[in-house]
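Inspection log for the structure reproduced underneath, given as structure tokens.
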Amino acid sequence: MEFWESVRLNLGSPPILFFALGVLSVLMRADLRLPEPIYVGLSTYLLMAIGFKGGVALAEAGLARVWLPGLGAVVLGAVIPLWCYALLRWGLKFSAVDAAAIGAHYGSVSAVTFVTALQYLRGLGASYEPYASAFLAVMESPAIVVGVVLGRWSVRRGGLTWREWRQLAHEALLGRSVFLLMGSLLVGMLSGKRGLEMTEGFLVTPFQGVLALFLFEMGMVAARRLGDLRRVGPALVLFALGMPLVHALIGFWVGYGTGLSAGGAYLMAVLAASASYIAAPAAMRLALPEANPTLYLTASLAVTFPFNVTLGLPLYAQMVRWFLGHFP
Amino acid sequence: MEFWESVRLNLGSPPILFFALGVLSVLMRADLRLPEPIYVGLSTYLLMAIGFKGGVALAEAGLARVWLPGLGAVVLGAVIPLWCYALLRWGLKFSAVDAAAIGAHYGSVSAVTFVTALQYLRGLGASYEPYASAFLAVMESPAIVVGVVLGRWSVRRGGLTWREWRQLAHEALLGRSVFLLMGSLLVGMLSGKRGLEMTEGFLVTPFQGVLALFLFEMGMVAARRLGDLRRVGPALVLFALGMPLVHALIGFWVGYGTGLSAGGAYLMAVLAASASYIAAPAAMRLALPEANPTLYLTASLAVTFPFNVTLGLPLYAQMVRWFLGHFP
Amino acid sequence: MEFWESVRLNLGSPPILFFALGVLSVLMRADLRLPEPIYVGLSTYLLMAIGFKGGVALAEAGLARVWLPGLGAVVLGAVIPLWCYALLRWGLKFSAVDAAAIGAHYGSVSAVTFVTALQYLRGLGASYEPYASAFLAVMESPAIVVGVVLGRWSVRRGGLTWREWRQLAHEALLGRSVFLLMGSLLVGMLSGKRGLEMTEGFLVTPFQGVLALFLFEMGMVAARRLGDLRRVGPALVLFALGMPLVHALIGFWVGYGTGLSAGGAYLMAVLAASASYIAAPAAMRLALPEANPTLYLTASLAVTFPFNVTLGLPLYAQMVRWFLGHFP
Amino acid sequence: MTLVTVVCEALARQPLLELLHAMGIQGYTLFPVEGAGAKGDRPADIEEFGNIQVEVILPAEAAATLMERLSAEFLPRFAAIVYGTEVRVLRPEKFRPREP
Amino acid sequence: MTLVTVVCEALARQPLLELLHAMGIQGYTLFPVEGAGAKGDRPADIEEFGNIQVEVILPAEAAATLMERLSAEFLPRFAAIVYGTEVRVLRPEKFRPREP
Amino acid sequence: MTLVTVVCEALARQPLLELLHAMGIQGYTLFPVEGAGAKGDRPADIEEFGNIQVEVILPAEAAATLMERLSAEFLPRFAAIVYGTEVRVLRPEKFRPREP
Ligand SMILES: Nc1ncnc2c1ncn2[C@@H]1O[C@H](COP(=O)(O)O)[C@@H](O)[C@H]1O
Ligand SMILES: Nc1ncnc2c1ncn2[C@@H]1O[C@H](COP(=O)(O)O)[C@@H](O)[C@H]1O
Ligand SMILES: Nc1ncnc2c1ncn2[C@@H]1O[C@H](COP(=O)(O)O)[C@@H](O)[C@H]1O
Ligand code: NA
Ligand code: NA
Ligand code: NA
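Residue numbers (the UniProt record's numbering), protein chains in the order written: chain V, 1 to 328; chain W, 1 to 328; chain U, 1 to 328; chain F, 1 to 100; chain Y, 1 to 100; chain P, 1 to 100.
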């Protein structure tokens, strides 16, 4: 497919158009506030559905084919904060603790970006490893741990206490999204094809439409942060637009190098390029309260997330086309 | 179809039966309060779904076939408040500002009534222009603007200030339901058939069932206002039962005269007959706070709305049968 | 089917696995609190769906085939509190009012347990009377009335006043779940097959998946009560594990004796074995405030409910196999 | 004027509102809350297991009567706390209870 | 410091926040409530038909001004009650309104 | 008795409840709110981005200690306001913190 056509394919899909509608509603002050339980309900549904379907696929594929790219995902998530920290601290002159916190966000992942990428691949007609959501599940926490350790170290020149390690592990491994994803993966693995047949009418049939509704809400959530753009400065905005490209590149090769198909490596690229805006901020508020939330939230939620779901997805697909010479 | 059979068809359909159950629950004080986020979730879903499907149909039909009946709908919405005002003020001796506010409600529309009419047509086996929700979208605001201007004029013998015009336009054009409907129409137009296929499992498959659940809630919401019936007096109750008949008649001819099919003209009749009970009250509270909300809310929500969805829909169908000699 | 295989079939099904995940999330303090509107939405959906489908089936079967087992269900519900009261009061030395309140819970029923049993039967490939939800509907209230009368009597050595009777009847017959179930049954009866076709995409297609999500929530709700286990003592825990077995046995013979198929009698067994944890506690708080809620809630919600949905369902199936020599 | 606040189990909603009604009190404000107290945690996951907070503004004497009746009729039956706060209201005439 | 509480119909949200804004008040806390009063029941079933409770803490003089303006500009238009409570705050400097 | 109210970002829920627990305080009431303040708007669209309001009633001395500890340990880390109000409670014995 032509590059522009694949951009159009993404921008013209209902989820992205509803995302834009959500943004527009905030910009035009139409103020359609959706109550918080709606958000919780939709995000629980999405995590449960992708986790479950991924688990069913995982049980079929067997762990033998998954552990290497999975390990790649974990390592990638853990090291991204390191170079982000260096760049932000010494290149862009952010404080150490802010640099660590922002790094944690970019090493971690955004489940919504991942799900949107799944739909996009399906639209393109590209195949991918159906157990790819396992990579999403394992890639959320490592960066958070690394970022917090980095930040604590630079604030206090000392490691974490035993109690802090425990709290951190709890935060990172038992956070809402990690737990739900991991748990649903497990449920999917245990219940297999037969379980998928039972729940198909709920977890599969309406999935894409629910995603459209959810992205409508996320458009509003992200747009409400646009006003903070002025407060974070152009350097961070550029960082939030540029690093995803770099990370996508690295993510692609990690995925491809660990044996994934073109589609699977694309998804690894998207995971690397995406930044967390729920789990990581929550962990930072508790573990690095000295870091400025306006910086990391605005960068990941108001810049990187909208960029990724609109232009990023087709750009990364184009990247795959360049590298491999073929991709739908 | 026989008249009585077509009444039975409507009264025996799950949405209307669940509506009755909701009313009953309040009358028997079973008190099943559904929390507010459920209402927001369901109504967002319904508006999004009909807007989107209408938009897909609109893109196929082309604007050429839509603009004339659309214009008819706008004009009709704008003029209904005028005669309602006259009748209420000079005939029924309501205060000027109450007359204006009530008029605004009857010129504007009820999306739920419209959706119920769609299901009813489908049950009858009648065809209609699938882009008819565009008429719903354009018909909500004009009456609100006219009503407010009328009311302000009569209160102050003067026009609106520039600032008031802006506020009013904002209220009328960026209200929750107008924005959602217009926006979803646009999204539907832009994403077309392909987008519909993607979201069918969510926006189409469960639609009728969701409507049943929503009407269950609306039955409760409407019944909670029944106690106010005594406070509004018999004149307004008669108005709220009689005007829908008159407006249905006019609406039908506007639709038929601007080239719609029998089914499409029926829907235009339903739109004209319906009265707003969310958007219009909200606008009146802000722009005409002097008007008495008990009057307009009770009339539109506790009388006209239940009347329309139960007896009105088959009555208007019978009307079409009389006029055209044929209709399923 | 082998007993162990039928246990595995239940424990490996998505609803039960998600239930376990919910329990686990609380035990691991992952704390995924779902907001209350989600609970209301899901439970309304489930009650509406089973009531409606049961009603459609009831209209087809005719009341002639239903009244006898229905009467059996009512009588069974009404007498269970009697022997529970005797056992708890004189055998286990509970106070009279606590014995009455706990008895009411075990005579009444749990809709979620019933629905899970329906899915389990479907998984087994066993057929059952599709109108069985009518038995669920009639079996919720009688035990509550009997329990309250017993409790009042023992507290005050006197009957209820006229006003109390009225309040009690209101509580018992117009409680949320009874009203919704009865109402949806009625709606289903009135709208018939045609109505089912209309709403299938909502009330049937996603049903099993929604149940999985709901059981995930119920796992959390139940697990939050586990901490109270120490407060109720081993005697009540044993009661809460043992009585379901006894009641299942009796329930099976009541069902089978009144003409139900093996599957239908199995469902009656499950109803008898299940204990109420929403409707009965609510009624007890209002009508028997002297009873200790920790006792009845912990027994029914933290012991009997989890036991029934995990091990109880296959055990009762095994029981049917023993009695009849055949059952899938 | 006194603001009387009642935090109680959600199931006590009806009896509480009836008591207010019986005293001729027309106005109140109500919202769901979660909480913990002597009777354990009350998570807000299920309406029936949660709490509500009810706020009633009324003249000092009426407030005293209300608190007495709550103390006698309501607190023995339900998990609840009750407290009063002095407040200064706009339009004090709005807050007089009618004859019941 | 004074805590000014406004309970009003949810539709008055925007005008109320605008009034606060116009007075240079940056801080407030807001949540949906249901209620009943002279203007009837306000069930919380539909956002548009419910109430909100808005709480603003500010120095006594600013509070007096706010209550005056509410009395003049807000109460005639909307179903609402307004009351003030004396409170002791940590970090009082946080609660000074800026010049609007 | 003093009612101590804390309005803070929802993410501070766990640390706040732990602090109460550490002080032997068993009772509190909690609900989600939205708000605005020095640290910007806190819309209630996502739980993680919203606020909570926590209300604790306790004897005056215990309240003073709580407010001191909040001032020292809580306010430097989280977006929050804290204030105290004098209230008159029914059954005052209920509100004494246990030894932690
Ligand atoms: N000290 C307290 N401060 C604030 N709220 C309390 C306090 N004690 C109890 N509550 C509230 O009152 C409800 C009932 O209290 P209890 O009867 O002690 O369980 C609790 O669930 C809390 O919401
Ligand atoms: N006496 C009262 N105590 C507490 N809240 C009240 C009182 N009167 C009115 N309210 C609240 O203020 C809202 C508007 O009052 P009203 O304008 O009297 O209908 C009501 O819906 C209640 O939420
Ligand atoms: N003056 C105020 N009055 C009432 N609530 C406030 C005020 N200032 C701040 N708040 C609340 O406290 C939260 C945190 O405040 P801040 O740390 O100033 O952003 C806000 O989101 C509001 O909910
Ligand atoms: Na990343
Ligand atoms: Na109309
Ligand atoms: Na039972």
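Cβ atoms here follow ideal geometry from the backbone N, Cα and C, with glycine treated the same way.
Inset, instruction - Output the distance between the C-alpha atoms of Leu-70/F and Phe-31/Y, rounded to the nearest integer angstrom. - result: 26 Å
Inset, instruction - Enumerate in chain order the residues of its own chain whose CB-to-CB distance from Gly-54/W is below 6 Å, with the five nearest sequence positions on each side excluded. - result: Tyr-131, Ser-133, Ala-134 and Leu-185
Inset, instruction - Taking 7 Å as the cut-off, decide whether the C-beta atoms of Gly-84/P and Val-6/P are in contact. - result: Annotated as distal: Gly-84/P and Val-6/P, with beta-carbon spacing of 7 Å or more.
Legend entry - Residue burial classification, Ala-79/Y (beta-carbon count within 10 angstroms, cutoff 16): Buried: at least 16 other Cβ atoms inside 10 Å.
Inset, instruction - Pull out every residue of the stretch 224–242 of chain W whose Cβ sits closer than 7 Å to any Cβ of chain Y, in chain order. - result: Arg-224
Inset, instruction - With 8 Å as the C-beta to C-beta threshold (strictly closer), list the residues of the stretch 264–282 of chain V near chain P in chain order. - result: Identification of residues in the stretch 264–282 of chain V having a C-beta nearer than 8 Å to some C-beta of chain P yields Ile-278, Pro-281 and Ala-282, given in sequence order.
Legend entry - Cβ-based burial, Pro-314/V [other Cβ within 10 Å; buried from 16]: buried
Inset, instruction - State buried or exposed for Gly-125/W, treating a residue as buried only when at least 16 other CB atoms are found within 10 Å of its CB. - result: exposed
Inset, instruction - Could you please give me the residues that DSSP links to Asp-41/Y through a beta bridge? - result: Bridge partners of Asp-41/Y: Ala-36/Y.
Inset, instruction - Quick one: list the residues of chain P neighbouring Glu-34/F, beta-carbon separation under 8 Å, in chain order. - result: Here the neighbours are Thr-29, Leu-30 and Phe-31.
Legend entry - Range covered by the alpha helix (DSSP H) that runs through Gly-55/W: 36–61
Inset, instruction - Can you grab the Cα-Cα spacing for the pair Ala-212/V / Thr-205/V, in whole Å? - result: If you draw a straight line from the Cα of Ala-212/V to the Cα of Thr-205/V, it is about 13 Å long.
Inset, instruction - Examine chain P for any beta-carbon lying closer than 7 Å to the beta-carbon of Val-87/Y, and answer yes or no. - result: Look at Val-87/Y: its C-beta is under 7 Å from a C-beta on chain P.
Legend entry - Opposing strand residues paired with Cys-8/F [DSSP bridges]: Ile-52/F and Ala-80/F
Inset, instruction - Give a yes or no on whether 7 Å exceeds the smallest Cβ distance from Leu-11/F to chain Y. - result: no
Legend entry - Buried or exposed by the 16-neighbour rule on C-beta atoms within 10 Å, applied to Ala-22/Y: exposed
Inset, instruction - Return yes when at least one heavy atom of ligand 1 lies under 6 Å from the C-beta of Lys-39/F, else no. - result: yes
Legend entry - Rounded straight-line distance, which links the Cα of His-326/W to that of Met-220/V: 48 Å
Legend entry - heavy atom of ligand 4 below 6 Å from Ala-272/V C-beta: yes
Legend entry - CB contact check: Gly-37/P to chain Y, cutoff 7 Å: yes
Inset, instruction - Measure the alpha-carbon distance for Leu-16/P versus Arg-166/V and round it to whole angstroms. - result: For Leu-16/P and Arg-166/V, the distance between alpha carbons rounds to 18 Å.
Inset, instruction - Please name the residue in Leu-11/V, Ile-16/V, Glu-2/V and Leu-34/V whose C-alpha comes closest to that of Ser-177/W. - result: Leu-34/V
Legend entry - Contact the stretch 278–289 of chain V vs the stretch 218–234 of chain V: 3+ CB pairs below 8 Å: no
Legend entry - Phe-305/V beta carbon less than 7 Å from that of Ala-222/V: yes
Legend entry - Gly-84/F at chain P interface by Cβ criterion, 7 Å: yes
Inset, instruction - Let me know if Ala-169/V comes out buried or exposed under the rule of 16 or more other beta-carbons within 10 Å of its beta-carbon. - result: exposed
Legend entry - Below-7 Å beta-carbon distance, Val-148/W vs any chain Y residue: no
Inset, instruction - Give a single yes or no on whether Val-82/Y has its beta carbon closer than 6 Å to a heavy atom of ligand 2. - result: No - ligand 2 has no heavy atom lying nearer than 6 Å to the Cβ of Val-82/Y.
Legend entry - Simplified DSSP assignment, three categories, for Tyr-120/V: helix
Inset, instruction - Can you check the stretch 159–232 of chain W for any beta strand (DSSP E) of at least 3 residues that lies completely inside it and give the ranges in chain order? - result: none
Inset, instruction - List the residues of chain U that Glu-48/F touches, going by C-beta distances under 8 Å, in chain order. - result: Ile-278, Pro-281 and Ala-282
Inset, instruction - Tell me whether Gly-70/W is buried or exposed, calling it buried when 16 or more other Cβ atoms sit within 10 Å of its Cβ. - result: buried
Legend entry - Opening and closing residue of the alpha helix (DSSP H) in which Trp-67/U lies: 67–86
Legend entry - Contacts that Tyr-34/V makes with chain P (C-beta to C-beta distance below 8 Å): Just to set this straight, residue 34/V is Leu in the shown sequence, not Tyr. Asp-45, listed in chain order.
Legend entry - Whole-angstrom distance between Ala-64/W and Thr-258/W, CA atom to CA atom: 12 Å
Legend entry - Helix, strand or coil at Phe-114/V [DSSP, three-state]: helix
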